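> Could you have a look at this structure, given as C-alpha cells, before my questions?
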Amino acid sequence: MSGPNRLQHESSPYLLQHAHNPVDWYPWGEEALRKAQDENKPILVSIGYSSCHWCHVMERESFENPEVARLMNAGFVCIKVDREERPDVDAVYMDAVQAMGVRGGWPLNVFLLPDTRPFYGLTYLPPPQWMQLLRGIEAAFRDNYQDLQQSAAGFVANLQLPESEKYSLSALSSGLSVDELDLVFERLKTHFDTEKGGMDRAPKFPMPAIFKFLLRYYDTTQNPEALRHIEHSLNRIALGGLYDHVGGGWARYSVDADWFIPHFEKMLYDNGQLLSIYSEAFSLTANPLYENRIHQTIRWLETEMLSETGGFYAALDADSEGMEGKFYIWTAEALKEALGTDYDWFARLYQVSEAGNWEDGYNHLHLTQPPAQTAAALGIDLPDFDQRYQAALQQLEQVRSSRIRPGLDDKLLASWNGLALKGLTDAYRATGKESIRELALRNGRFIVSGFIVPCDEPAGSARLYHTFKNGKATIAGFLEDYAAVAEAFTALYQITFDETWLWEARKLIRYVLDSFFNETEGFFYFTDRHSEALIARKTELFDNVIPASNSMLAHVLYTLGTLLDDAEYLALAHRMAGKMVRLVNTDAQWVANWAALHCLMSTSTAEIVITGPGADAARKDLDRFFIPNKVVMGDSAALPLAQDKTSLNNAATLYVCYDKTCQLPVNSVEAALKLIATA
Numbered sequence: 000m001s002g003p004n005r006l007q008h009e010s011s012p013y014l015l016q017h018a019h020n021p022v023d024w025y026p027w028g029e030e031a032l033r034k035a036q037d038e039n040k041p042i043l044v045s046i047g048y049s050s051c052h053w054c055h056v057m058e059r060e061s062f063e064n065p066e067v068a069r070l071m072n073a074g075f076v077c078i079k080v081d082r083e084e085r086p087d088v089d090a091v092y093m094d095a096v097q098a099m100g101v102r103g104g105w106p107l108n109v110f111l112l113p114d115t116r117p118f119y120g121l122t123y124l125p126p127p128q129w130m131q132l133l134r135g136i137e138a139a140f141r142d143n144y145q146d147l148q149q150s151a152a153g154f155v156a157n158l159q160l161p162e163s164e165k166y167s168l169s170a171l172s173s174g175l176s177v178d179e180l181d182l183v184f185e186r187l188k189t190h191f192d193t194e195k196g197g198m199d200r201a202p203k204f205p206m207p208a209i210f211k212f213l214l215r216y217y218d219t220t221q222n223p224e225a226l227r228h229i230e231h232s233l234n235r236i237a238l239g240g241l242y243d244h245v246g247g248g249w250a251r252y253s254v255d256a257d258w259f260i261p262h263f264e265k266m267l268y269d270n271g272q273l274l275s276i277y278s279e280a281f282s283l284t285a286n287p288l289y290e291n292r293i294h295q296t297i298r299w300l301e302t303e304m305l306s307e308t309g310g311f312y313a314a315l316d317a318d319s320e321g322m323e324g325k326f327y328i329w330t331a332e333a334l335k336e337a338l339g340t341d342y343d344w345f346a347r348l349y350q351v352s353e354a355g356n357w358e359d360g361y362n363h364l365h366l367t368q369p370p371a372q373t374a375a376a377l378g379i380d381l382p383d384f385d386q387r388y389q390a391a392l393q394q395l396e397q398v399r400s401s402r403i404r405p406g407l408d409d410k411l412l413a414s415w416n417g418l419a420l421k422g423l424t425d426a427y428r429a430t431g432k433e434s435i436r437e438l439a440l441r442n443g444r445f446i447v448s449g450f451i452v453p454c455d456e457p458a459g460s461a462r463l464y465h466t467f468k469n470g471k472a473t474i475a476g477f478l479e480d481y482a483a484v485a486e487a488f489t490a491l492y493q494i495t496f497d498e499t500w501l502w503e504a505r506k507l508i509r510y511v512l513d514s515f516f517n518e519t520e521g522f523f524y525f526t527d528r529h530s531e532a533l534i535a536r537k538t539e540l541f542d543n544v545i546p547a548s549n550s551m552l553a554h555v556l557y558t559l560g561t562l563l564d565d566a567e568y569l570a571l572a573h574r575m576a577g578k579m580v581r582l583v584n585t586d587a588q589w590v591a592n593w594a595a596l597h598c599l600m601s602t603s604t605a606e607i608v609i610t611g612p613g614a615d616a617a618r619k620d621l622d623r624f625f626i627p628n629k630v631v632m633g634d635s636a637a638l639p640l641a642q643d644k645t646s647l648n649n650a651a652t653l654y655v656c657y658d659k660t661c662q663l664p665v666n667s668v669e670a671a672l673k674l675i676a677t678a
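Take numbering that gives the first Met the number 0: the final residue in the sequence shown is number 678, and no numbers are missing along the way.
As C-alpha cells, this is what we get:
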C-alpha cells in the first residue's frame, strides 16, 4: 500500500508511529474484526508500546519492509494495539501466549481465528524467520483449519477458567498472623540476591510491591534481615545505572544482574511507585541518598513529564536517533569536553574509559556505593568533593540538554497518574516540602476534571476514563484506573484533611462495586460490565511491576473503609485478602502487595484524629515518622471516627485510637508517638 494507513487517525503515539508503515494496519475495533469475518482471514494482533526498544526494532526490520508488508497484507487482517491504551486486550492475549508455553514480552504478536480466538503467538522475530512464520500460518489456516480451531478452543477454555478453580483459592475466615508472616518472609528471602540486591534473577526489575511488603513486614516484626535487604537493594537501585544520575528518574529495568545497563525507557508507573518506596524508606532510615533521589525524581517529573493540564505523560522512549540509550550515554571524549579539569577524578569515580565501560566505546554512569564513599576508596581527595560532584552532574545535564531527546509518549493514563499522585503524597509526608503537596493537588484536580464523569447509576457514583489526549478523555476505565486513583485520593485527603478527596474516592468505589464485582469469585473483573466484551473477562490477581488491580483495590477498601468506618468495605477487603492466603504462603514475590495488606491486617491499625489550631503542622510533624499501619484524619462531622473530637488546651490535639477506641488526647506529636509505640 502507499500513503498512511488507518492508524493516522488514532491518538496513541505508539499507533501513530506505525501510521506510515506499508502494512495495512487497523486499530483494534469493529471494522477490522468484521473484515476478518467477511473475508475469512486470520487476524494478526501486534501489541506493543511507544517506548519499547524491541518494538522499534521489529518495526524497522519488518513492518517498514515492503516485501514483509505484502505478505502480511495478503494473508492477514493486521491490527496494531497499544498495550498501555488497551491493557484488557493485552492481558487476554498475553495470557493466551503464556498458556502456549511462550515467554511473554513485547512486541507481542498473536494469530487469531476470524472470531478472535488465539491459536499461536510469539514475541520478536527477525525478518527471515518472521516471513517464514507468516507463510506457515497462512498455509496452516488454509490446509489445517480444524486443528487450529481445536487449539484455539483449548486456549480459550483456559482463559475462561475461574481464578478460584485455576489457583485453588478458597475463602478463609481470617488473615495471616504475625507468626505466619514470619514464614512468608523466610520463603521469600530464599529468592533474595544478597550480593546485588533485589531478587535473584536477571533482567532486574525493581518490583516495588516486594519492597512495600518488606517495609510493612519490618514495621510489624522489626526483623533486621528485612531491613538489611531493603536498604541494600534500594541503595543499589538508587546508585546503579537504572537511575539517571544526570537528570533524575529511573528506567524500566536492568538487562543484567548488576543494575548496570537498563533498557533506557522511563515509565511514569515505575517512578511513581519508586517515589512511594524511597519516601517510606527515607522516613524509616533518614538516608540522605533516598532524600536526594526523591527530590531529583520529582524535579524530573516536573521538567520532562508534566503537561500543561497538571497531568503526567506516560513515558520517555528508550531510543533517540535510532539508537537505544543514546541520549544518556557518553564517550570519554564527550565527557572530557564537558567536564574539562574535572574529567580525571570523575572518570575514576565512574570507571569511565576510552574503550567504554559498556559497549562500542560508550560509558554509562553507574555506582555501587555512595559517591563520597567511592571517592574515598579510590583516593580521590577533594576538599569540596560534594560541591564539585554536583557541579559536574549539572554541567553534564546542561550539555545533554542540546542532544536530540528521546520520544515522549504524551498520552495521559488515569492509573499511572494515580500511582504518581500516590508517590507525591508519600514524598510530601516524608520530606514536608510544600511544593510537593502543591504539585500533588494540581495533579489531583486534573484527574478529577480530565478523567472523571458523574454517574447516576448507582447513585452517588462516578466513572473514570482510562486515557486523555488532545483535551479529550477516551476508553472506559479499567479496574487498575479506579484502584490507583481511589488510593491516591485517599492519600491526598490524609495530607490535606480536605474531605472532597474522600468523597471522590467513594464515588469511584461505588461504581466499581456495581460494575466490576464478580459475586461468584469474590474478586473484581478487570473490565467494566458495560465495556467491550472480549473472548474472556479477566480477573487480575498477581502482582507484577505494577501491583494487580485487585490487590490495589483491596488496599483502598481497607484504608477507605477504616477512614469512613464502612463495615462493607472492610469486610470485602478481608475476604479478598483471605482468599489469597494460599498463594501468599506459597510464593509471596508474585503476590507481594497482598502480603503487604496482610501485614496491615495482622495488627490493629492506628486511627489518628488531629484537631485544633495547628492541626496541619502537627500532621506534618507526625508524618515524618515511618508508621505505615495508620490512617490520619482531621476533625469532621462527616467521619464517624473523627466526630466530637475537641481541641485540648486550645492547641493542636491528637487522638490515637485502635478499633474505634481512643486513648486520652495529647497535645504533642512526641506524646502521640509514645501511645502508638506502646499500643
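From the three backbone atoms N, C-alpha and C, an ideal C-beta is built for every residue, glycine too. All of these numbers come straight from a predicted model, not from anything done at the bench.
Confirm, please, whether the CB-CB distance from GLY476 to ALA391 is below 9 angstroms.
Going by C-beta atoms, ALA391 is not nearer than 9 angstroms to GLY476.
> Using the Cα positions of GLU230 and THR373, report the straight-line distance between them to the nearest angstrom.
Distance between the alpha carbons of GLU230 and THR373: 17 angstroms.
> Would a C-beta distance cut-off of 9 angstroms place THR430 and ASP87 closer than the cut-off?
No, they are not a contact pair.
> Three-state secondary structure (DSSP) at VAL447?
Of the three classes helix, strand and coil, the one that applies to VAL447 here is helix, per DSSP.
> Which complete alpha helix (DSSP H) runs does the stretch 70 to 144 hold, if anything under 4 residues is left out?
List check, alpha helix (DSSP H) in window: 86 to 98 and 126 to 142.
> Taking only the alpha-carbon atoms, compute the straight-line gap between HIS19 and ILE328 and give it to the nearest angstrom.
If you take the alpha carbons of HIS19 and ILE328, they lie about 30 angstroms apart.
> Is the CB-CB distance between TYR510 and TRP500 below 9 angstroms?
It is not a contact, given that the beta carbons lie outside the stated cut-off.
> Can you tell me whether VAL630 is buried or exposed? The criterion is at least 16 other CB atoms within 10 Å of its CB, across all chains shown.
Result: buried.
> According to DSSP, is ASP255 helix, strand or coil?
In this structure, ASP255 counts as coil in the three-state DSSP scheme.
> Is DSSP giving TYR510 helix, strand or coil here?
Here TYR510 sits in helix by DSSP.
> Measuring straight from C-alpha to C-alpha, what distance separates GLU358 and LEU377?
One C-alpha to the other measures close to 24 angstroms.
> What is the DSSP secondary structure of CYS51, reduced to helix, strand or coil?
The answer is coil: DSSP assigns CYS51 none of H, G, I, E or B.
> Give the secondary structure of ASN628 by DSSP, where H, G and I count as helix, E and B as strand, and everything else as coil.
ASN628 falls in the coil class under three-state DSSP.
> Starting from VAL679 and walking both ways along the beta strand (DSSP E), at which residues does that stretch end?
This structure does not reach residue 679, given that the chain is present from 0 up to 678, and the question cannot be answered.
> Reducing DSSP to helix, strand and coil, say where LEU341 ends up.
Looking at the sequence shown, residue 341 is not Leu but Asp. If DSSP states are grouped into helix, strand and coil, ASP341 belongs with the helices.
> Who are the near neighbours of ASP480 in its chain, counting only those whose CB is closer than 6 angstroms to its CB and skipping five residues on each side?
Contacts found: ALA413, SER414, LEU463 and HIS465.
> Given MET551, which residues of its chain have a CB within under 8 angstroms of its CB, disregarding the five upstream and five downstream residues?
So the list reads GLU479, ALA482, ALA483, GLU486 and ASN592, once near-sequence residues are dropped.
> For VAL668, which of helix, strand or coil comes out of DSSP?
It is helical.
> List the endpoints of the continuous alpha helix (DSSP H) containing THR219.
It spans 207 to 220 - the alpha helix (DSSP H) in which THR219 sits, taken as one unbroken run.
> When burial is assigned at 16 or more other CB atoms within 10 Å of the CB, is GLU503 buried or exposed?
Flag for GLU503 reads buried.
> Can you give the Cα-Cα distance for SER232 and LEU653, rounded to whole angstroms?
For SER232 and LEU653, the distance between alpha carbons rounds to 36 angstroms.
> Taking all protein chains shown into account, decide if LEU507 is buried (16 or more other Cβ within 10 angstroms of its Cβ) or exposed.
By the 10 Å Cβ count, LEU507 comes out buried.
> In angstroms, rounded to a whole number, what distance separates the CA positions of PRO689 and ALA570?
The requested residue 689 is not part of the displayed model; the chain covers only 0 to 678.
> Taking one C-beta from the stretch 175 to 189 and one from the stretch 138 to 156 each time, how about it: are there three or more such pairs within less than 8 angstroms?
No, the stretch 175 to 189 does not touch the stretch 138 to 156.
> Around the C-beta of LYS195, are 16 or more other C-beta atoms found within 10 angstroms, so that it is buried, or is it exposed?
Buried, by the Cβ-count rule.
> Is it buried or exposed, PRO223, if we count other Cβ atoms within 10 angstroms and call 16 or more buried?
PRO223 is exposed by the Cβ-count criterion.
> Does the distance from the CB of LEU107 to the CB of ILE42 come in under 9 angstroms?
In this structure, ILE42 does not lie closer than 9 angstroms to LEU107 by Cβ.
> Would you mind stating whether GLY521 and ALA280 have Cβ atoms separated by less than 9 angstroms?
Not in contact: GLY521 and ALA280 (Cβ atoms no closer than 9 angstroms).
> Closer than 8 angstroms is the cut-off here; do at least three beta carbon pairs connect the stretch 47 to 59 with the stretch 76 to 85?
Yes: at least three Cβ pairs fall under 8 angstroms.
> Indicate whether VAL398 and ALA333 have their beta-carbon atoms separated by less than 9 angstroms.
Result yes, Cβ atoms of VAL398 and ALA333 sit closer than 9 angstroms.
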